[in-house]
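Data block below; observations after.
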Amino acid sequence: MLKVDKINKAFTVNGSEKNILNNITFTIEAGEFVCILGPSGSGKTTLLRCIGGFEALTNGNMLLDGQSISRPGIDRIMVFQGFEQLFGWKTVEANVEYPLKINQIDKGNRQELVRKYLSMVGLENYKTYYPHQLSGGMKQRAAIARALALEPRILLMDEPFGNLDAQTRNSLQNELLKIWSELKTTILFVTHDIEEAIILSDRILVLSTSGEVKSIIPNRLERPRKPGNFGFAELWDLLYSQLGD
Amino acid sequence: MANKSKAAFYQKALFVLILMLLWETVARMEFFNPTVFPSVTSIIAAFLKGVASGLLVEKTVYSLYLILKGLILSLLAAILLSSLAMGFRTVENILDILNSILHPLPGIALLPVAILWFGIGEGSIIFIIIHSVLWPMVVNFMTGFKTIPRIHLDVGENIGLKGLHLLWGVMLPASLPYLLSGIKIAWARAWRAVIAAEMVFGAASGSAGGLGWHIYMTRYMFDMAGTFAALLAIIIVGIGVEELLFKNIEKFTVVKWGMTI
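The listed protein sequences derive, respectively, from chains A and B. In terms of the working numbering, the first sequence opens at residue 1 and continues consecutively. In terms of the working numbering, the second sequence opens at residue 1 and continues consecutively.
This is the structure we're talking about:
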């Protein structure tokens, strides 16, 4: 369980303090899929980076299964939007294996994990490819496999499909859901796309432009969700009204 | 692709051949005094003789040994300094001012100082080489480190890499195109430094000295074909290192990884 308790994050911009995150409090249960939705500049990415341990909080605290978060760790693995998150000098296979290797997982287990997660994202035939030989969608799949192989307690995803075309995004959303229902990993997923948030999540946390939690909206629509389905449009309207200040 | 590089090779070879023919013609016409403008054939003969007698090989190997020693020391120092600069702002500032002060200083200008400090011999030459190559390497390495996508470093930290492990696992491979171009510049600079330094006091360095001293001595003996043969040796080593060593290193690293700059 992730517990975020009254956190604040301020940056110094052009000499003056600017609050990016204001008094944010929420919890995520194990196995839950939560989306953070917000207009650009609302601090979505900053919030995720704080939970990832990449940014120090101004105040407040965060607990993951009772342990305080202060630095990056393999219990919280981040999947980024940028395609260059894979290491260009390693093959797909080596990219997935490398984090396991440096975390002292023995070779036999390592190979088993690499095989399992590469086939889970459908890249078993591309394991000897270098990242520059892959399409954008494949790169993101590989990054997801790398993250999953470490079996983190929570997967932090920062608009991972934001740079993909609509079709690829759709199929990756479906695959992510399939993987999630299989592994029951806890996922915190940042997006600015209302439709994506509805399709993926159990709950949607809406951030306001001032960096506060505007609302946390449960999403109980039946899966698989499609824009034409019952309740989809109503939820979309509700979220849309929440996004506008 | 293969055809294109083959065509390029033939073009380059043809150009060199034409150049040699032109040289030979001018020399044969005795347009200039043959003692100062030897023919290509006499240069090649002197070169082959030098190789056969082992003298030219010995000189070249000695100069290469000095270069390699200076390059390896500089490489280690450049990696250390530029990675420290990434971690500490103060180091970066100090390097910045040191670079501004020392980079424009020609190595050979420091030779009198080097002789006083390290004596006449290998120590001084190594000092000159290090001075000549360290700064361009540091500048390239720092640019390389600075252009590493932040996301690489984030991923590195996320999976548990810190300090030296982050340097070795992410920073060095991610900036390899810059590291390689720094090393290439350093290699060319090291040749210049070693030849220049040897010409000034090569033989005094105890052993027989390297190519620089050989060039100086052959000129002194008015063996111009020998001088050009030594220049030819430098050219051949240079082309060999560029075409065989650097091109292959690039082929199996940055080109394979799609990371060329």
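Backbone N, C-alpha and C define an ideal beta-carbon position, used for all residues, glycine too. Owing to the predicted nature of the structure, the values given are computational and were not obtained by experimental measurement.
With 16 other CB atoms within 10 Å as the buried threshold, where does T25 of chain A fall? Its Cβ having fewer than 16 others within 10 Å, T25 of chain A is exposed.
At a CB distance below 8 Å, what residues from the segment 149–168 of chain A approach chain B? Give them in sequence order. Flagged, chain order: L150.
Mind checking the segment 204–226 of chain A against chain C and listing, in chain order, the residues whose C-beta falls within less than 7 Å of any C-beta there? Among the protein chains in the structure shown, which are A and B, there is no chain C.
When the Cα atoms are used, what is the spatial distance from Q81 of chain A to E112 of chain A? Their Cα atoms are separated by approximately 27 Å.
In chain order, each alpha helix (DSSP H) run of at least 4 residues that lies wholly inside the segment 1–68 of chain A: With a minimum length of 4 residues, the continuous alpha helix (DSSP H) runs that stay inside the segment 1–68 of chain A are 44–52.
What residue range does the beta strand (DSSP E) around R76 of chain A cover? Residues 76–79.
Exposed unless 16 or more other CB atoms sit within 10 angstroms - verdict on T260 of chain B: Taking all protein chains in view, the Cβ of T260 of chain B is surrounded by fewer than 16 other Cβ atoms within 10 Å, so the residue is classified as exposed.
Using a Cβ-Cβ cutoff of less than 7 Å, which residues in the same chain neighbour T60 of chain B once the five nearest sequence positions on both sides are dropped? So the list reads L211, A233, V237, once near-sequence residues are dropped.
Here's the rule: buried if 16 or more other CB atoms are within 10 angstroms of the residue's CB, otherwise exposed. What is Q67 of chain A? With fewer than 16 Cβ atoms within 10 Å of its Cβ, Q67 of chain A is classed as exposed.
Is the distance from the Cβ of A310 of chain B to the Cβ of F47 of chain B below 8 Å? Because chain B spans 1 through 261 in this model, residue 310 of chain B falls outside it and cannot be assessed.
Please state whether DSSP places M259 of chain B in a helix, a strand or coil. In the structure shown, M259 of chain B sits in coil (DSSP, three-state: anything other than H, G, I, E or B).
Which residues in chain B have a C-beta closer than 7 Å to the C-beta of Q85 of chain A? List them in chain order. Around Q85 of chain A, the beta-carbon contacts reaching into chain B at under 7 Å are I151, V155.
Using beta carbons (cut-off 8 Å, strictly below), is F54 of chain A in contact with chain B? Yes, F54 of chain A lies at the interface with chain B (some Cβ there is under 8 Å from its Cβ).
Does the distance from the C-beta atom of S16 of chain A to that of T209 of chain A stay below 8 Å? T209 of chain A is positioned such that its CB atom lies no closer than 8 Å to that of S16 of chain A.
Going along the chain, which residues of its own chain have a beta-carbon closer than 7 Å to the beta-carbon of G268 of chain A, five neighbours each way excluded? Past the edges of chain A, shown from 1 to 245, lies residue 268 of chain A, and the structure says nothing about it.
Taking Cβ positions only, does K69 of chain B come closer than 8 Å to chain A? Among the residues facing chain A, K69 of chain B is not included, as its CB has no counterpart in that chain under 8 Å away.
If the cut is a Cβ gap below 7 Å, which residues of chain A does L161 of chain B touch? Counting only Cβ-Cβ distances below 7 Å, L161 of chain B has contacts in chain A at I102, in chain order.
Whole-angstrom C-beta distance between I129 of chain B and I67 of chain B, which should lie under 8 Å: Cβ-Cβ separation between I67 of chain B and I129 of chain B: approximately 7 Å, consistent with a contact (criterion under 8 Å).
Output, in sequence order along the chain, the residues in the segment 88–122 of chain A whose CB is closer than 7 Å to any CB in chain B. Of all residues in the segment 88–122 of chain A, those with a C-beta nearer than 7 Å to a C-beta of chain B are G88, W89, P99, I102, N103, reading in chain order.
Residues within the segment 240–259 of chain B neighbouring chain A, beta-carbon criterion of under 8 Å: Correct list: T253, K256, W257, G258, M259.
Using 8 Å as the limit for Cβ to Cβ distance, is P72 of chain A near chain B? Under the 8 Å criterion on CB atoms, P72 of chain A is classed as interfacial with respect to chain B.
In angstroms, rounded to a whole number, what distance separates the CA positions of L56 of chain B and E242 of chain B? It is roughly 21 Å from the alpha-carbon of L56 of chain B to the alpha-carbon of E242 of chain B.
Contact residues within the segment 170–183 of chain B, judged by C-beta distance below 8 Å to chain A: Flagged, chain order: V170, P173, A174, L176.
Roughly how many angstroms lie between the CA atoms of L14 of chain B and A78 of chain B, to the nearest whole one? CA-to-CA, the gap between L14 of chain B and A78 of chain B works out to about 39 Å.
What does DSSP give as the partner residue(s) for I187 of chain A in the beta ladder? In DSSP, I187 of chain A forms a bridge with A:F33, A:L155.
What's the C-alpha gap between V92 of chain A and P227 of chain A? Their Cα atoms are separated by approximately 34 Å.
Bridge-paired residues (DSSP) for L205 of chain A: Beta-bridge pairing links L205 of chain A to A:I36, A:I216.
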